[in-house]
Amino acid sequence: MKERLESIKNEALRQIQESDVPEKLNDVRVKYLGKKGELTTVLKGMKDVAAEERPRVGQLVNETRAAIEEMLEETKAKMEAAIRAEKLKNEVIDVTLPSKKNMVGHRHPNTIALEEVERIFVGMGYEVVEGPEIEYDLYNFEKLNIPADHPAKDEQDTFYINKDIVLRTQTSPVQARIMEQGKLPICILSPGRVFRSDEVDATHSPSFHQIEGLVIDKKISFADLKGTLEVFAKELFGEDTKTKFRPHHFPFTEPSAEVDVSCFKCGGKGCRFCKGEGWIEILGCGMVHPHVLEMCGIDPEEYTGFAFGVGLERIALLKYEIDDMRLLYENDIRFLKQF
Ligand code: DAH
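Quick note on the working numbering: the sequence shown kicks off at 357 and runs consecutively.
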């Protein structure tokens, strides 16, 4: 019996030593100490042992069990410590490593220019409002004095959704929408995206941005328009900037003008930047056509007003001296972060 117990013990200890994972230790425990384990089997055989031998054999069995248990516990503790150490080693944080840089984007030159224009006009009491990019032909053309079959309609290469709905070709339809609401006086600025069926090149894009301005009140005159745009030009391009109003035609304004500013690079002498002209064209404007006022429910005998439309990209390209519009749409961070 003694030898049997001895060999059980040695066999168990050997298997414990050979175990490399806690699961195997558990198998050993079941095999030797479990209900159907080898030691239990020995205990069950005690009835065959002579009565006077039993206490000694019992003690031997207990000692064997204790030895195996102790070894199991010890090995388990060692194994768990090793596993924890390995885990800690794998999860170690090297605080001396350079940190991962969070790539923060950069405001787009269009956005910077827009915020600058908004700041100037909000400072003069304008409210910024937005209109839909998908617009009725009625607002985009008809109510702006551009009836069907009018040649002016041809000038804007329009994306039609159907015969009544277009991707707006200009921000001017917002004028009609605001006037129709009938709340007077009006003093608004309306920036937004517009669309034209144009090929992409250095100065064209099928989608670009405009900023529309509209002021309607009693006794608004061309002098107000001139004064407003003069302040705008000086704020945007510098105190010495001069403005020039050239007669032009827009269907929704009468009279209409295009506005040039003196070149802020050469001060008007003529340089490469202004193509030797000394002047740079920046926007279109005029006094709101009486017919437009009427169509939008405003009495032209009582109210007058002015409107203007600026190309946002044009402002951004000029202000930041960018010579190709396509750069604005490529979203290359190396380009964008220069502004
Ligand atoms: N909508 C015109 C365009 O896209 C720009 C414009 C000119 C707007 C004169 C106006 C204006 O409000 O009065 O070419």
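All C-beta atoms, glycine included, are put in the ideal place defined by N, C-alpha and C.
Here the structure is a predicted model, which means the values were calculated and not measured.
- Task: Mind checking which residues open and close the beta strand (DSSP E) that includes Leu570?
- Result: One-based indexing of the sequence shown puts residue 570 at position 214. Element bounds for Leu570: 563-573.
- Task: Give me the Cα-Cα distance between Gly393 and Ser455, rounded to the nearest whole angstrom.
- Result: As a position in the sequence shown, residue 393 is number 37, starting the count at 1. As a position in the sequence shown, residue 455 is number 99, starting the count at 1. Whole-angstrom Cα-Cα distance: 56 Å.
- Message: Once DSSP output is grouped into helix, strand and coil, what is the label at Pro656?
- Response: Position 300 of the sequence shown, counting from 1, holds the residue named residue 656. Assignment of Pro656 by DSSP, reduced to helix, strand and coil, places it in the coil class.
- Task: Determine the DSSP secondary structure at Met435, reduced to helix, strand or coil.
- Result: For the purposes of this step, residue 435 is taken as the residue at position 79 of the sequence shown. Met435: helix per DSSP, three-state reduction.
- Item | Cα-Cα separation, Val550 to Thr514 | Taking the first residue of the sequence shown as position 1, residue 550 is located at position 194. Taking the first residue of the sequence shown as position 1, residue 514 is located at position 158. Their Cα atoms are separated by approximately 10 Å.
- Query: Mapping DSSP to helix, strand and coil, what is Met402?
  - Reply: The residue given as residue 402 occupies position 46 in the sequence shown. The answer is helix: DSSP assigns Met402 an H, G or I state.
- Could you tell me which residues DSSP pairs with Ala613 in its beta bridges? The sequence position of residue 613 within the sequence shown is 257, counting from 1. Beta-bridge pairing links Ala613 to Pro603, Cys641.
- Message: According to DSSP, is Gly461 part of a helix, a strand, or is it coil?
- Response: As a first step, residue 461 must be located in the sequence shown, where it is residue number 105. Three-state result, Gly461: coil.
- What is the C-beta distance between Val313 and Ala589, in whole angstroms, given that I count them as a contact (C-beta under 8 Å)? As shown, the chain starts at 357 and ends at 695. That puts residue 313 outside it, with no answer to give.
- Query: Out of Pro547, Pro529, Val377, His464, which has the shortest C-alpha to C-alpha gap to Cys652?
  - Reply: Here residue 652 corresponds to residue number 296 of the sequence shown, with the count starting at 1. Comparing alpha carbon positions, the residue from Pro547, Pro529, Val377, His464 closest to Cys652 is Pro529.
- Query: When DSSP labels each residue in this structure, what does Phe719 get in the three-state scheme?
  - Reply: No answer is possible for residue 719: it lies beyond the span of the chain, which begins at 357 and ends at 695.
- Mind checking whether the beta-carbon of Pro491 lies closer than 7 Å to any heavy atom of ligand 1? Locating residue 491 in the sequence shown gives position 135, where the first residue counts as 1. The sequence as given places Glu at residue 491; Pro does not occur at that position. No - ligand 1 has no heavy atom lying nearer than 7 Å to the Cβ of Glu491.
- CB of Val648 within 8 Å of CB of Ile572, strictly: Residue mapping note: residue 648 aligns to position 292 of the sequence shown, counting from 1. Residue mapping note: residue 572 aligns to position 216 of the sequence shown, counting from 1. No, Cβ-Cβ distance for Val648 and Ile572 is not below 8 Å.
- Task: State yes or no: is the beta carbon of Leu470 nearer than 8 Å to at least one beta carbon in chain D?
- Result: Absence of chain D from the displayed structure is noted, only one protein chain being present.
- Say yes only if the C-beta of Gly487 is nearer than 7 Å to one or more non-hydrogen atoms of ligand 1, and no if none qualify. Position 131 of the sequence shown, counting from 1, holds the residue named residue 487. Ligand 1 has no heavy atom closer than 7 Å to the beta-carbon of Gly487.
- Query: Does ligand 1 have even one heavy atom less than 7 Å from the beta-carbon of Gly640?
  - Reply: The residue labelled residue 640 in the question sits at position 284 within the sequence shown. Relative to ligand 1, the nearest heavy atom lies less than 7 Å away from the CB of Gly640.
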